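Numbering (the numbering used here), first residue to last: 133 to 461.
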Ligand SMILES: [Mn+2]
């Protein structure tokens, strides 16, 4: 932690709110990953077990791989947040807009509590528990549950484990800390089976996933003397593979696997002339800064942005900026 004392104080303030409040609104980012869903479900379940009323919101779509997590069936994708909540928690969002279309309505709920681990977090909450040294929000939620002495059970432990495992790329990325391993080990003490849960969440590729992967692999291109690798998924490829709701985010790893690739990008068509760029870096380049240039954000090694325009044009402007980043290192 960069600022030990303030983080500790905010933790205590939030623990008090969790213990005293009766009704909570929880939200995490649209296009959710394992940390967004896992941390929200873990916090939601511990509060429900404490007899509190909880609304779990995610604009979705929840990928198939995460839909089987305990409690995921209770997540609502549409909700009109009225007043009457004791607090509104926003998880794993570097800025409030990440929650999606509901953000302007959420900004009126008080207190708004921002729990996150993105270095560039905008500090949009009334209380901001932002710890960029935590591997995942799941890790922070675990600490909160322990500090507030809230209930713990296998479902909660599993969701915490999934949050940590997915955000660390199965304990491989450089946010994999001793603390991440330590908390993961504690979830094993609570009965989590890494094999069973990761097979379901990380390892399963349905036949349609593989068909989509097959066609995406053919799009891999290398630029800038092999330092930038691109992989592209169009709407057409998705519909041909009958794979509209698959977790294709992980396909970004394939160009990243190639020796010499420094920046890998998955370019996914999400609307008409509208694309999402998911970025990964192997070593030197801070892709959070690169994504921020295009209005997005994330972590130094994993970031994303969305942008309107034709595929060719967007690719060109991305490659131009990527080269600047490569040259400046
Ligand atoms: Mn996260």
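The beta-carbon is built from N, C-alpha and C at its ideal position, and this holds for glycine as well.
Source: prediction; values computed, not measured.
(request) Buried or exposed for residue 144, please, with buried defined as at least 16 other CB atoms from any protein chain shown within 10 angstroms of its CB. (result) Position 12 of the chain shown, counted from the start, is the residue given in the question as residue 144. Residue 144 should be labelled exposed.
(request) Could you name the residues of the same chain whose beta carbon sits closer than 6 angstroms to that of residue 434, not counting the 5 residues immediately before and after it, in chain order? (result) Translated into positions along the chain shown, residue 434 becomes position 302. Excluding residues within five positions, the ones whose Cβ falls inside 6 angstroms are 412.
(message) According to DSSP, simplified to helix, strand and coil, what is residue 136?
(response) One-based indexing of the chain shown puts residue 136 at position 4. Confidence at residue 136 is low in this model, with a pLDDT of 48, below 50, so its placement is unreliable and the value that follows should be read with caution. DSSP places residue 136 in the helix class (H, G or I) of the three-state scheme.
(message) ligand 1 and residue 254: does any heavy atom of the ligand fall closer than 6 angstroms to the residue's C-beta?
(response) In the chain shown, the residue the question calls residue 254 occupies position 122. For ligand 1, not one heavy atom lies less than 6 angstroms from the Cβ of residue 254.
(message) Going by DSSP in three states, residue 442 sits in which element: helix, strand or coil?
(response) Working through the chain shown from its first residue, we reach residue 442 at position 310. Residue 442: coil per DSSP, three-state reduction.
(request) Tell whether a beta-carbon distance below 7 angstroms holds between residue 177 and residue 153. (result) Indexing the chain shown from 1 puts residue 177 at position 45. Indexing the chain shown from 1 puts residue 153 at position 21. Cβ distance not < 7 angstroms, so residue 177 and residue 153 don't count as in contact.
(request) Helix, strand or coil for residue 418, going by three-state DSSP, please let me know. (result) Walking along the chain shown from the start, residue 418 turns up at place 286. Collapsing the DSSP output to three states places residue 418 in coil.
(request) Output the distance between the C-alpha atoms of residue 405 and residue 158, rounded to the nearest integer angstrom. (result) What you label residue 405 is simply residue 273 of the chain shown in a count that begins at 1. What you label residue 158 is simply residue 26 of the chain shown in a count that begins at 1. C-alpha separation (whole angstroms): 32 angstroms.
(request) Return the CA-CA distance between residue 220 and residue 229, expressed in angstroms with no decimal places. (result) For the purposes of this step, residue 220 is taken as residue 88 along the chain shown, with counting starting at 1. For the purposes of this step, residue 229 is taken as residue 97 along the chain shown, with counting starting at 1. Distance between the alpha carbons of residue 220 and residue 229: 15 angstroms.
(message) Going by DSSP, what residue range makes up the alpha helix (DSSP H) through residue 168?
(response) Taking the first residue of the chain shown as position 1, residue 168 is located at position 36. Where residue 168 is concerned, the enclosing alpha helix (DSSP H) starts and stops at 166 to 181.
(message) Helix, strand or coil for residue 400? Go by DSSP, reduced to three states.
(response) By one-based count along the chain shown, residue 400 stands at place 268. Secondary structure of residue 400 (DSSP, three-state): strand.
(request) Could you work out which residue in 288, 250, 443, 427 is closest to residue 265 when comparing CA atoms only? (result) For this step, residue 265 is matched to residue 133 along the chain shown. Measuring from the Cα of residue 265, the nearest candidate turns out to be 250.
(message) Between the alpha carbons of residue 456 and residue 211, how many angstroms are there, rounded?
(response) What you label residue 456 is simply residue 324 of the chain shown in a count that begins at 1. What you label residue 211 is simply residue 79 of the chain shown in a count that begins at 1. Residue 456 and residue 211: Cα-Cα distance of roughly 43 angstroms.
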